[in-house]
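In terms of my numbering, the sequence shown opens at residue 337 and continues consecutively.
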Amino acid sequence: MATKNLSEYDLTSVPSAAAMKFGIVVAEWNYEITGALAEGAVETLKKHGASEESIVVKHVPGTFELTLGAQYLAEYTDADAIIVLGCVIQGETRHFDFICQGVTQGITSLNMKYNKPFIFGVLTTDNQQQALDRAGGRLGNKGDEAAVTAIKMLALQNDLTSTK
337 MATKNLSEYD
347 LTSVPSAAAM
357 KFGIVVAEWN
367 YEITGALAEG
377 AVETLKKHGA
387 SEESIVVKHV
397 PGTFELTLGA
407 QYLAEYTDAD
417 AIIVLGCVIQ
427 GETRHFDFIC
437 QGVTQGITSL
447 NMKYNKPFIF
457 GVLTTDNQQQ
467 ALDRAGGRLG
477 NKGDEAAVTA
487 IKMLALQNDL
497 TSTK
């Protein structure tokens, strides 16, 4: 069980996002959770200098569709990084396992295919309360964490490409 608040981080360790462009793809399934994750991500990007115009948010029906939605954002927008937000809650069948494995492998493949950050912000929880705790509840917001990760990964990429 997570003991760290996902929204707590050293503000000075996050570079400016002013010159960065972001795509966010959000699953509609479990929208009470995923909507809160998206809100957290957008607000965190803005807090670190991203403008409203530099953030594109799109929705897909469910978590399994996130991979293709993220690919569409990479191909049809000028996003420098894509944040992928979803929520899968364990049920009584193996559906949970198949969805989680598929989206994890899909997002990993997109990172390599496009050579740009695709940030995995998918909650995989045992129950609804655990998801709520991580979507603005007592453990913070995984959307905040995903946004900070996107900024830092872009800063790393920019730093490494500028030294060539």
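Virtual Cβ for every residue (Gly too), placed ideally from N, Cα, C. Source: prediction; values computed, not measured.
Span of the alpha helix (DSSP H), counted from its first residue to its last, around residue i
{"i": "Gly442", "result": "431–450"}
{"i": "Ala482", "result": "478–498"}
{"i": "Tyr408", "result": "402–412"}
{"i": "Val378", "result": "367–383"}
Of the listed residues the options, nearest to residue i (C-alpha basis)
{"i": "Ser349", "options": "Ser498, Glu481, Thr413", "result": "Glu481"}
{"i": "Leu459", "options": "Gln493, Ser498, Leu402, Ala410", "result": "Leu402"}
{"i": "Glu368", "options": "Met489, Asn451, Gly473", "result": "Gly473"}
{"i": "Asn366", "options": "Thr380, Lys488, Gln426", "result": "Gln426"}
{"i": "His395", "options": "Thr380, Ala406, Ala354", "result": "Ala406"}
{"i": "Cys423", "options": "Thr440, Ala354, Glu411", "result": "Thr440"}
{"i": "Asp346", "options": "Lys488, Asp462, Cys436", "result": "Lys488"}
Residue span of the beta strand (DSSP E) that contains residue i, given as start and end
{"i": "Gly302", "result": "Because the chain in this structure spans residues 337 to 500, residue 302 falls outside the shown range and cannot be described."}
{"i": "Lys394", "result": "391–396"}
{"i": "Leu459", "result": "454–461"}
{"i": "Ala417", "result": "417–425"}
{"i": "Ala471", "result": "471–473"}
Cβ pair residue i, residue j closer than 9 Å
{"i": "Phe434", "j": "Ile443", "result": "no"}
{"i": "Gly359", "j": "Leu409", "result": "yes"}
{"i": "Lys452", "j": "Ala417", "result": "yes"}
{"i": "Ala467", "j": "His384", "result": "no"}
{"i": "Lys382", "j": "Glu388", "result": "yes"}
Expected contact under 8 Å - CB spacing of residue i and residue j to nearest Å
{"i": "Gly371", "j": "Phe400", "result": "Rounded, the Cβ-Cβ distance is 18 Å, inconsistent with contact."}
{"i": "Ala363", "j": "Leu421", "result": "7 Å"}
{"i": "Asn477", "j": "Ala486", "result": "Incorrect: roughly 14 Å between the Cβ atoms, too far for contact."}
{"i": "Ala357", "j": "Asp414", "result": "Strictly speaking, residue 357 in this sequence is Lys, with Ala absent from that position. With a Cβ gap of about 6 Å, Lys357 and Asp414 count as contacting."}
{"i": "Ala374", "j": "Val392", "result": "Not confirmed; about 12 Å, so no contact."}
{"i": "Ala377", "j": "Ala354", "result": "At roughly 17 Å, the Cβ-Cβ gap does not stay under 8 Å, so Ala377 and Ala354 are not in contact."}
{"i": "Thr475", "j": "Asn341", "result": "Just to set this straight, residue 475 is Leu in the shown sequence, not Thr. With a Cβ gap of about 6 Å, Leu475 and Asn341 count as contacting."}
heavy atom of the ligand PLP below 8 Å from residue i C-beta
{"i": "Ile443", "result": "The ligand PLP is not part of the structure shown, which contains no ligands of any sort."}
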